[in-house]
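Colleague:
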Amino acid sequence: MCDASLVHAVRRGPSTRYQGPDQGKQNEDPLWPGIPNSDQWTTSPTLGLVPRGDGLLNHDLLPGEKGPQDACGVFGVWAPGEEVAKLTYFGLYALQHRGQESAGIAVSNGSQILVFKDMGLVSQVFDETSLGSLQGHIAVGHARYSTTGASVWENAQPTFRATAHGSIALGHNGNLVNTAQLAEMVAELPNDNNSRSGRVAATNDTDLVTALLAGQADEDGKPLTVEQAAGAVLPKVRGAFSLVFMDEHTLYAARDPQGIRPLVLGRLERGWVVASESAALDIVGASFVREIEPGEFIAIDENGLRSSRFAEAKPKGCVFEYVYLARPDTDIAGRNVYLSRVEMGRRLAKEAPVEADLVIPTPESGTPAAIGYAEASGIPFGAGLVKNAYVGRTFIQPSQTIRQIGIRLKLNPLKEVIKGKRLVVVDDSIVRGNTQRALVRMLREAGAAEVHIRISSPPVKWPCFFGIDFATRAELIANGMTIEEIGTSLGADSLAYISIDGMIEATTIAKPNLCRACFDGEYPMELPDPELLGKQLLETELAAGTAAPAAVDAIRRP
């Protein structure tokens, strides 16, 4: 048995730093007795004590500028003799595009699990000292963007729970649709199991799954192992989930029966790797073996790799991975993402031709489609916009001047290239339209004669409940407006989207095997009532007092 006191959960953000119960009681946080207060204040030689940066994303500082955000990136490695923490760090670095709010790594040395996580980018959370403290032969890493639960340290991953046999750390990419039901199930677990789960209760679907895996028992009340618990719990979980988790001795991975989010298996010379995208395997020098199949559960330990099924495969991979979410150097279901995006551009040019002088992308996500559009149309391709490569996270508070700068923080026009030109501007998607509206205005101010917008995905009309943080239906510009009206709203000379069939054909994946709900409203599974869905469902229920008593207990108790 592993006592929870052996697990170090370090927080450097604005509340606590917890490193176990043996710390002195000096400067204790009054909210959590026994936990030392943090270094939430830093000393400036000129200003004295000043608050630390809040770590907000740029799209948080610039309301309306946020595009579609994916849930998370996960990475796991079993490799005795290797520096698994550093391998995981570089794997997460390759997956940073999937989540920028928080990052964490859990490592097992065979007798205990150490977890280190914090708010911020991977490169901001970890340094040589923190990575050097994470010694072991198994690691699980996570880069998060919140789609269930607030963006706070308590919801950072990997999540941790003590079990009757040791402990478990888990990372999750995706979003579940039966969160309320899972909270009820957690509430029914024996108190003695759940009491070992940690000091701070999270409010996300991932922590509920972790609690269920940690607290399962057989009919006689005998606690199940993590592997046994997975067989009992996973068939009851509904939604999108690509899970990577571990106990002290074994690395586990599982993918939902629809395979909505990607998950791949790789081989190292002395071990195995599991990751959200194949590009992360390349970065750490692992060879691609295969995808984790929908409905598959795998376990990796000193005895090798074991595979089993907890559900029948019903493939419904997210088509938006091909449009925007995944790295262009990733392969999904045997199809390269970059080639899919280039082909979307080609098909877009055939479906929506226009007379123009130059095709320019909205960097970086619009670049492959713009290349395809230029190739198929015969219009020259050019770089009309320069992207600030270092915009991503800032520690400044926005003044009104900064808000007015808006999109120029990220993009700036090459006036000498676009002046007097009829432009085709290719982008991957339009959500609210704020970014494109500001872009059109900026290009006209720079001297563009005409601005024709071409989008390499269909109009987004429906919210996603499986791991993409789109706007609500009311905020989606494609609801209640025709394409012509949207174009007029953006100030463009013309606007056109690729058709759903054209987009799907570009992926080479059969239409029935893709989730395209954000475009056509056909969800891959039945959804619960609207009040049981939502990013902050658990926080909302707690605040309003509307959660069932058992669910409230499950959410609040440690």
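Under my numbering, residues 288 to 845 are what the sequence shown spells out, in order.
Note that beta-carbon positions come from the ideal geometry of N, C-alpha and C, so glycine has one too.
1. Helix, strand or coil: how does DSSP classify residue 384 here?
2. What whole-angstrom Cβ distance do residue 612 and residue 526 have, given they're in contact under 8 Å?
3. Using the rule of at least 16 other Cβ atoms within 10 Å of the residue's Cβ for burial, across every protein chain shown, is residue 673 buried or exposed?
4. Using 10 angstroms around the beta-carbon of residue 450, count the other beta-carbons present and answer buried if the total reaches 16, otherwise exposed.
5. Tell me whether the segment 582–592 and the segment 641–649 touch, counting them as touching only if at least three CB pairs, one residue from each stretch, are closer than 8 Å.
6. How close, in whole Å, do the beta carbons of residue 422 and residue 394 come, if the pair is a contact with beta carbons under 8 Å?
7. Determine the DSSP secondary structure at residue 773, reduced to helix, strand or coil.
8. Would you report the Cα separation of residue 716 and residue 723, rounded to the nearest angstrom?
9. Excluding the 5 residues preceding and the 5 following residue 571 in the sequence, name in chain order all residues of the same chain whose CB lies nearer than 6 Å to its CB.
10. Between residue 239 and residue 791, how many whole angstroms is the CB-CB distance? I'm expecting something under 8 Å.
11. If you drop the 5 nearest sequence neighbours on each side, which residues of the same chain put their C-beta closer than 6 Å to that of residue 386?
12. Over the uninterrupted alpha helix (DSSP H) stretch that includes residue 529, give me the two end residues.
13. Starting from the C-beta of residue 807, find all residues in its chain whose C-beta is less than 7 Å away, skip the five residues before and the five after it, and write them out in chain order.
14. Residue 485 to residue 412, Cα distance in whole Å?
15. Near residue 465, what residues of its chain come up, given a Cβ to Cβ distance below 6 Å and the 5 sequence neighbours on each side ignored?
16. Between the Cα of residue 633 and those of 507, 654, 539, spot the shortest distance and give me the residue it belongs to.
17. Within 10 Å of its beta-carbon, does residue 741 have 16 or more other beta-carbons around it, so buried, or fewer, so exposed?
18. On the DSSP bridge list, what partners appear for residue 595?
19. Can you tell which of 652, 398, 731, 744 has its C-alpha closest to the C-alpha of residue 536?
20. To the nearest angstrom, report how far apart residue 414 and residue 558 are at their CA atoms.
21. Grab me the residues of residue 759's own chain with a C-beta within less than 8 Å of its C-beta, minus the 5 sequence neighbours each way, in chain order.
22. List, from N- to C-terminal side, the beta strand (DSSP E) runs of 3 residues or more that fit wholly inside the segment 611–681.
23. If you measure between the beta carbons of residue 704 and residue 669, is that distance less than 8 Å?
24. For the beta strand (DSSP E) that residue 405 lies in, which residues bound it at each end?
25. Roughly how many angstroms separate the alpha carbons of residue 510 and residue 493, rounded to a whole number?
26. What does a CB cutoff of less than 8 Å around residue 638 pick up in its chain, not counting 5 residues either side in sequence?
27. Given that a residue counts as buried once 16 or more other Cβ atoms are within 10 Å of its Cβ, and exposed if not, what is residue 505?
28. Does DSSP put residue 494 in a helix, a strand or coil?
29. Using only alpha-carbon positions, find the residue among 773, 737, 748 that is nearest to residue 803.
30. Roughly how many angstroms separate the alpha carbons of residue 770 and residue 614, rounded to a whole number?
31. Since I believe residue 497 is in contact with residue 446 (beta carbons under 8 Å), could you give me their beta-carbon distance rounded to a whole number of angstroms?
32. So, are the CB atoms of residue 531 and residue 427 less than 8 Å apart?
33. Which residue's Cα is closest to the Cα of residue 695: 730, 667, 719, 713?
34. Note down, in chain order, each residue of its chain lying with its Cβ closer than 6 Å to the Cβ of residue 800, except the 5 sequence neighbours on either side.
35. My parser needs the alpha helix (DSSP H) runs of 4 or more residues fully inside the segment 446–475; what are they?
Modeller: In short:
1. On the sequence shown, position 97 is the one that residue 384 refers to. Of the three classes helix, strand and coil, the one that applies to residue 384 here is helix, per DSSP.
2. If you number the sequence shown from 1, residue 612 lands on position 325. If you number the sequence shown from 1, residue 526 lands on position 239. Rounded to whole angstroms, the Cβ separation of residue 612 and residue 526 is 17 Å, and the two are not in contact under 8 Å.
3. Position 386 of the sequence shown, counted from the start, is the residue given in the question as residue 673. Exposed, since its Cβ has fewer than 16 Cβ neighbours within 10 Å.
4. Taking the sequence shown and counting its residues from 1, the one referred to as residue 450 is at position 163. Burial call: buried.
5. No contact exists between the segment 582–592 and the segment 641–649.
6. Here residue 422 corresponds to residue number 135 of the sequence shown, with the count starting at 1. Here residue 394 corresponds to residue number 107 of the sequence shown, with the count starting at 1. Yes, they are in contact, since the Cβ atoms of residue 422 and residue 394 sit about 7 Å apart, within 8 Å.
7. For this step, residue 773 is matched to residue 486 along the sequence shown. DSSP, reduced to helix, strand and coil, places residue 773 within a helical segment of the structure shown.
8. Taking the sequence shown and counting its residues from 1, one reaches residue 716 at position 429. Taking the sequence shown and counting its residues from 1, one reaches residue 723 at position 436. Distance between the alpha carbons of residue 716 and residue 723 is about 10 Å.
9. In the sequence shown, the residue the question calls residue 571 occupies position 284. Around residue 571: 374, 377, 378.
10. This structure gives no information on residue 239, because the portion of the chain shown stretches from 288 to 845.
11. The count along the sequence shown starts at 1 and reaches residue 386 at position 99. Short of 6 Å from the beta carbon of residue 386, and not among the five residues preceding or following it, lie these beta carbons of its own chain, in chain order: 359, 360, 430, 431, 432.
12. Indexing the sequence shown from 1 puts residue 529 at position 242. Counting along the chain, residue 529 falls outside any alpha helix (DSSP H), though it belongs to the beta strand (DSSP E) covering 526–533.
13. For the purposes of this step, residue 807 is taken as residue 520 along the sequence shown, with counting starting at 1. Cβ within range, chain order: 787.
14. If you number the sequence shown from 1, residue 485 lands on position 198. If you number the sequence shown from 1, residue 412 lands on position 125. Caution is warranted here: a pLDDT of 38 is assigned to residue 485, below 50, making its placement in the model unreliable, and the coordinate value is therefore given only provisionally. Our two residues, residue 485 and residue 412, have alpha carbons roughly 21 Å apart in a direct line.
15. Within the sequence shown, numbered from 1, the residue matching residue 465 stands at position 178. Within the same chain, residue 465 has close Cβ partners 525.
16. Counting from one through the sequence shown, the residue named residue 633 turns up at place 346. Checking every option, the nearest Cα to that of residue 633 belongs to 654.
17. Here residue 741 corresponds to residue number 454 of the sequence shown, with the count starting at 1. Buried.
18. Numbered from its first residue, the sequence shown carries residue 595 at position 308. The partner list for residue 595 (beta bridge, DSSP) reads 584.
19. As a position in the sequence shown, residue 536 is number 249, starting the count at 1. Checking every option, the nearest Cα to that of residue 536 belongs to 398.
20. Locating residue 414 in the sequence shown gives position 127, where the first residue counts as 1. Locating residue 558 in the sequence shown gives position 271, where the first residue counts as 1. Near 24 Å, if we compare the C-alpha coordinates of residue 558 and residue 414.
21. Counted from its first residue, the sequence shown places residue 759 at position 472. Within its own chain, the residues whose Cβ lies closer than 8 Å to the Cβ of residue 759, once the five positions on either side in sequence are excluded, are 750, listed in chain order.
22. As far as the segment 611–681 is concerned, its whole beta strand (DSSP E) runs of at least 3 residues are 645–648, 672–674.
23. Numbered from its first residue, the sequence shown carries residue 704 at position 417. Numbered from its first residue, the sequence shown carries residue 669 at position 382. Yes, the Cβ-Cβ distance between residue 704 and residue 669 is below 8 Å.
24. As a working note, residue 405 is residue 118 in the sequence shown. If you look at residue 405, you'll find it in the beta strand (DSSP E) that goes 400–406.
25. Taking the sequence shown and counting its residues from 1, the one referred to as residue 510 is at position 223. Taking the sequence shown and counting its residues from 1, the one referred to as residue 493 is at position 206. Cα-Cα distance, rounded: 21 Å.
26. One-based indexing of the sequence shown puts residue 638 at position 351. Taken in chain order, the residues that qualify are 783, 785, 786, 789.
27. As a first step, residue 505 is located in the sequence shown; it is residue number 218 there, counting from the start. Exposed, since its Cβ has fewer than 16 Cβ neighbours within 10 Å.
28. Taking the first residue of the sequence shown as position 1, residue 494 is located at position 207. Residue state, collapsed to three classes: helix.
29. Mapped onto the sequence shown, residue 803 falls at position 516. The shortest C-alpha separation from residue 803 is found at 748.
30. The residue given as residue 770 occupies position 483 in the sequence shown. The residue given as residue 614 occupies position 327 in the sequence shown. The alpha-carbon atoms of residue 770 and residue 614 are separated by roughly 29 Å.
31. Sequence index remark: in the sequence shown, residue 446 carries index 159 (1-based). Sequence index remark: in the sequence shown, residue 497 carries index 210 (1-based). About 4 Å; that satisfies the 8 Å criterion.
32. Here residue 531 corresponds to residue number 244 of the sequence shown, with the count starting at 1. Here residue 427 corresponds to residue number 140 of the sequence shown, with the count starting at 1. The answer is yes: Cβ separation under 8 Å.
33. Residue mapping note: residue 695 aligns to position 408 of the sequence shown, counting from 1. Measuring from the Cα of residue 695, the nearest candidate turns out to be 730.
34. Walking along the sequence shown from the start, residue 800 turns up at place 513. Counting only Cβ-Cβ distances below 6 Å, and skipping sequence neighbours, we find 602.
35. If we require 4 residues or more, the alpha helix (DSSP H) runs fully inside the segment 446–475 come out as 466–474.
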